[in-house]
Amino acid sequence: MPRTLEQSFQVRFSYAVEFTSQLFDTSNSVFARTVGRHQPASKLLVVMDAGLIAHHPDLPTAVAHYCQSHQLHLVAPVMVLPGGEGVKQDPIHVSLVQDAVNAHGIDRHSFVVVVGGGALIDLVGYAAATAHRGVRLIRVPTTVLSQNDSAVGVKNSVNAYGKKNWLGTFAPPFAVLNDLQLLETLEDRDWLGGLSEAVKVALLKDGEFFAFLEAHADALRTRNLQSMEHAVYRCAELHLNHIATSGDAFEQGSSRPLDFGHWAAHKLEALTDYSLRHGEAVAIGIALDSTYAHLRGWLPENDWRRIIALFQRLGLAVFHPMMLHSLEDASHPHSLLHGLQEFREHLGGQLTIMLLDGIGQGREVHEMDLDLVARSVRHLASLPPHSVSDSAQPTQAQEDSPWTTTATPAR
Ligand SMILES: NC(=O)c1ccc[n+]([C@@H]2O[C@H](COP(=O)([O-])OP(=O)(O)OC[C@H]3O[C@@H](n4cnc5c(N)ncnc54)[C@H](O)[C@@H]3O)[C@@H](O)[C@H]2O)c1
Ligand SMILES: [Zn+2]
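Going by our numbering, the first residue of the sequence shown is number 1, and it counts up by one from there.
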């Protein structure tokens, strides 16, 4: 006689995302409070991004000094791993973190603290989530993209089989501590690249935020920290709201709205051997899917122009030559179009792509017309290289278009 037991329960997650400056200055109590509010005697293993340390050579010592003065138990000198996508490409780095967790007796009541860019945070998060089936992780993101997007969410991963984020976990962090000041030493491309995720959430969820980004595009491009502070904060807030309210925090359905522009972005990152940063690729992916939505007749021309103009004013490219490779053959692994299939495989279920009906207004579709995608790529390729001009004010963006070509919607 077959019998069935039904099981059902909920697990509630909550974590603070703090916005502060000079996190490891001994007078700043945020870090000590975050650790101490749970168990003052907890062990801490700190892993730091070598690319960050190159610009802040005193940071490992500052962490040690901070822990000493707040009586926090740092189990070893700060562990240093490379930053950037390369760290996610080589599984040895996962082992190195897990070896340290093992060697220093980091248990589920201890903390792994990762300080660095989104790539290192993804990797250390994956190592921490799989050690002892999950030890607590405090993320200290130090790039725009990680502060406003990747580190505030619930995903961890490394690359495998030549694909982005193929190995990974859904594991919310214990806390996220954003230090605004650290952003000042980013290379221009990392300062700017992370803004593409802000454009993404603005396009999907908040037209006013999009207008803010337009109005502050020049300030953002020229590294105004105050404008960046607002952009990071609002972007993080929109991401957090989405995760909390979408009803699918661990992405079990087919829909992944926050992956707007990402099917092409992930493929382009791989195609360029990661010479394109994630944020740079996302800008191109958004431009492509916006162009597709426009040519398909959904996204009004003015909105499309505003999107392209914003990226250009932010100094973010909307096209990469690799997009033209094998464009006529979607089955070719080096074709951008192959990225659609990989995206569907990664999610499972029905292909679901987020597009746009307007600024602040998404539309999900379940199929993409490959000819029209190819046409969208060629359309982006035909846009004249843009030189950011002082006259390109947000309010004029629609009238003083920098292009001579006009997209014609497909009927
Ligand atoms: N988990 C998620 O949900 C999620 C979401 C989006 C992106 N991501 C991942 O995030 C990664 C990209 O992260 P990223 O954009 O932060 O880039 P990154 O981690 O590759 O860092 C870029 C460079 O900046 C350096 N760096 C870090 N902090 C610095 C600082 N304060 N000053 C100077 N240099 C500094 C790094 O060493 C690196 O060389 C990708 O792997 C992407 O897949 C994950
Ligand atoms: Zn992204």
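For each residue, glycine too, the CB sits at the ideal point set by N, CA and C.
The model shown is predicted, which means the values in this text are computed figures rather than measured ones.
Assuming residue i contacts residue j (C-beta within less than 8 Å), just tell me the rounded distance between them.
i, j, result
"G118", "L137", "Not quite, the Cβ-Cβ distance comes to about 14 Å (not below 8 Å), so this is no contact."
"T169", "N156", "5 Å"
"I75", "H104", "Position check: residue 75 holds Val in this sequence, whereas Ile was assumed. With a Cβ gap of about 4 Å, V75 and H104 count as contacting."
"L96", "D49", "Not really, about 14 Å apart at Cβ, beyond 8 Å."
"L44", "I53", "Rounded, the Cβ-Cβ distance is 18 Å, inconsistent with contact."
"K164", "E280", "At roughly 14 Å, the Cβ-Cβ gap does not stay under 8 Å, so K164 and E280 are not in contact."
"N28", "T20", "6 Å"
"V365", "L337", "No, V365 and L337 are not in contact; Cβ-Cβ is about 15 Å, not under 8 Å."
"D303", "F260", "Not a contact, Cβ separation roughly 14 Å."
"I106", "V135", "6 Å"
With residue i as the anchor, note down where its alpha helix (DSSP H) starts and where it stops.
i, result
"V78", "Where V78 is concerned, there is no enclosing alpha helix (DSSP H), given that its DSSP letter is neither H nor E."
"V318", "Per DSSP, V318 belongs to no alpha helix (DSSP H) and is neither H nor E."
"H132", "Looking at the DSSP string, H132 is not in any alpha helix (DSSP H), and its letter there is neither H nor E."
"L288", "278–295"
"Y412", "Shown here, the chain extends from 1 to 411; a query on residue 412 therefore has no answer."
"W298", "Per DSSP, W298 belongs to no alpha helix (DSSP H) and is neither H nor E."
"Q147", "144–148"
"D190", "188–193"
"Q89", "86–89"
"E214", "207–215"
Could you check what DSSP says for residue i in three-state terms: helix, strand or coil?
i, result
"L355", "strand"
"D179", "strand"
"H104", "coil"
"A160", "strand"
"A171", "coil"
"L45", "strand"
"A270", "helix"
"G51", "helix"
"T20", "strand"
"V114", "strand"
"S8", "coil"
"W166", "strand"
"H56", "coil"
"S387", "Low local confidence applies: a pLDDT of 44 at S387 is under 50, so the model's placement there is unreliable, and no value is given."
"H73", "strand"
"R411", "Low confidence applies here, because R411 scores a pLDDT of 39, under 50, leaving its location unreliable and the question unanswered by this model."
"F13", "coil"
"P2", "coil"
Over the uninterrupted beta strand (DSSP E) stretch that includes residue i, give me the two end residues.
i, result
"R139", "136–141"
"V30", "Not the beta strand (DSSP E): V30 falls in the alpha helix (DSSP H), residues 30–36."
Alpha helix (DSSP H) segments (min. 4 residues) lying fully within the region 324–372: 338–347
For review: beta carbons within less than 7 Å of any heavy atom in ligand 2: D149, S150, E197, H262, A265, H278, V282
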